[in-house]
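Written out below as structure tokens is the structure these notes cover.
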Amino acid sequence: MAAILSATGERDPLRTYAVNQDGTLHVLEAARKFGVRQVIFTSTIAVFGPGLPPLVGDDVSLRPTTMYGVTKVAGELLGEYYSRRHGLDFRGVRFPGLLSAVLPGGGTSDYAPLMYYETLRTGGYEAFCRPDSQIPLMYMPDALRALVELSLAPRERLGRCIYNIAAFSPTAQEIADEVARVVPGARITFKPDPARQAILDSWPRALDDTCARRDWDWRPAWDLARMSDDLTPKLAALAARAGK
Numbered sequence: 001m002a003a004i005l006s007a008t009g010e011r012d013p014l015r016t017y018a019v020n021q022d023g024t025l026h027v028l029e030a031a032r033k034f035g036v037r038q039v040i041f042t043s044t045i046a047v048f049g050p051g052l053p054p055l056v057g058d059d060v061s062l063r064p065t066t067m068y069g070v071t072k073v074a075g076e077l078l079g080e081y082y083s084r085r086h087g088l089d090f091r092g093v094r095f096p097g098l099l100s101a102v103l104p105g106g107g108t109s110d111y112a113p114l115m116y117y118e119t120l121r122t123g124g125y126e127a128f129c130r131p132d133s134q135i136p137l138m139y140m141p142d143a144l145r146a147l148v149e150l151s152l153a154p155r156e157r158l159g160r161c162i163y164n165i166a167a168f169s170p171t172a173q174e175i176a177d178e179v180a181r182v183v184p185g186a187r188i189t190f191k192p193d194p195a196r197q198a199i200l201d202s203w204p205r206a207l208d209d210t211c212a213r214r215d216w217d218w219r220p221a222w223d224l225a226r227m228s229d230d231l232t233p234k235l236a237a238l239a240a241r242a243g244k
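If you're matching positions, the sequence shown starts at 1 in this note's numbering and goes up one per residue.
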């Protein structure tokens with residue numbers, strides 16, 4: 001579902017609420033009115049908040065610190081309400097930060113894809129986080145496959161509506177080291193932005209996706225190194241088109 005992401009959303013929280021929350025409600029209500037059998041929802045690690053355990057399971061308390069996270073918690077609960085009240089087959093995943101060959105759109109995890117893109121475009125990048133910042137990440141092909149696999153899973157196998165899914169959880173420094181491997185001479189430095197760093201510090205460092213693995217056989221196919229090898233030439237082409 002379309003949404004205003006975490007960092008952008010903090011600049012205009014009322015608009016973020018209107019777009020994210022009202023949009024989700026309209027989708028669910030349209031599904032009810034027109035007999036749509038299934039709705040797949042895209043949630044996020046931003047539903048979690050401070051005081052998390054090292055490995056965060058599906059049922060850890062949801063205490064988001066951003067309006068984006070608040071709207072995603074509400075979206076999860078709305079979908080579960082429509083499932084109970086109206087029989088809607090509502091299913092969703094909590095995505096890690098996503099990397100793809102498209103430029104990021106205002107999320108707090110943008111430092112990860114921008115390390116690749118800006119290094120390819122200019123030779124270096126100043127990340128807005130600490131080197132030890134660590135959140136779950138995922139390559140877009142895995143994310144898209146997860147939505148398809150969850151949609152096709154037999155309903156009787158599913159023990160819940162919303163699932164954590166995980167792939168890899170590198171520190172920002174580990175990403176920088178990986179960029180240096182695929183882009184020799186990369187110059188990556190760190191200058192934490194207090195607002196975005198605070199959001200990162202409130203998010204999980206790693207997700208427990210045991211339920212997804214058990215209920216619909218979820219398995220990630222891409223790790224950090226394999227993603228880097230595939231993503232780098234795609235972002236290099238994008239950077240070349242943008243002009244160095």
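For each residue, glycine too, the CB sits at the ideal point set by N, CA and C.
Problem - For Arg-157 and Leu-99, the rounded distance between their alpha carbons - result: 30 angstroms
Exercise for the section: Just grab the DSSP bridge partners of Met-67 for me. Expected result: The partner list for Met-67 (beta bridge, DSSP) is empty, contrary to what the question assumes.
Practice task
With a cut-off of 8 angstroms on the beta carbons, I'd call Asn-20 and Ala-31 a contact; round off their distance for me.
Solution key: Going by Cβ atoms, the distance from Asn-20 to Ala-31 rounds to 17 angstroms, so no, they are not a contact pair.
Exercise for the section: Count the other CB atoms, across all protein chains shown, that sit within 10 Å of the CB of Asn-102; report buried if there are 16 or more and exposed otherwise. Expected result: Here the sequence assigns Val to residue 102, which means Asn is not the residue at that position. Classification for Val-102: exposed.
Practice task
Take the Cβ of Thr-122 as the centre, count every other Cβ of all protein chains shown within 10 Å, and call the residue buried at 16 or more, exposed below.
Solution key: exposed
Handout entry: Coil, strand or helix - Ser-43 by DSSP
Key = strand
Handout entry: Option nearest Pro-194 by Cα separation, candidates Ser-133, Thr-42 and Arg-241
Key = Ser-133
Problem - Cβ-based burial, Asp-230 [other Cβ within 10 Å; buried from 16] - result: exposed
Exercise for the section: Using alpha carbons as the reference points, say which of Thr-42, Pro-233, Phe-128 and Asp-209 lies closest to Phe-168. Expected result: Asp-209
Problem - Sheet register partners of Phe-95 (DSSP bridge) - result: Thr-44
Exercise for the section: Tell me whether the beta-carbon of Gly-49 lies closer than 9 angstroms to the beta-carbon of Gly-75. Expected result: no
Practice task
Inspect the CB distances between the region 189–203 and the region 144–153 and report whether three or more fall short of 8 angstroms.
Solution key: no
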